[in-house]
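Everything on this sheet refers to the single structure shown next.
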Amino acid sequence: MNQLSTKDVMLLEDTLKVCENMTKFISSAANMCTDPQLKSLCSTMVNEHRSSSQTLAKYITQGRLQ
């Protein structure tokens with residue numbers, strides 16, 4: 350991977366925060382859902398956002414170590 354600039358790392362950090370906030374929001378929505386299909390969809394979205402957050406965190410860590 351190419352070396353990340355400080356600006357790149359900052360952008361990734363901002364994106365990670367947005368992703369984490371979306372995860373919290375969708376998780377809250379899932380808890381309020383009474384429709385099983387909608388609740389399942391929200392749970393799937395939460396898992397996908399968590400995975401994205403982990404990937405972003407990995408890139409941020411790698412960028413800081415360079």
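Going by the numbering used here, 410 is the number at position 61 of the sequence shown; the sequence numbering is gapless.
Just so it is clear, CB atoms sit at the ideal spot from N, CA and C, and this is done for glycine as well.
In the structure shown, L353 falls within a coil segment according to DSSP collapsed to helix, strand and coil. Judged by DSSP secondary structure, T393 falls within the alpha helix (DSSP H) whose first and last residues are 385 to 414. Classified as exposed, V367 has fewer than 16 neighbouring CB atoms from the shown chains inside 10 Å of its CB. CA-CA distance, M359 to T383, rounds to 38 Å.
Beyond the five residues adjoining it in sequence on each side, S392 comes within less than 8 Å, by CB distance, of A379 in the same chain, given in chain order. Each residue's CA atom was taken as its position, placing L361 and S377 some 24 Å apart.
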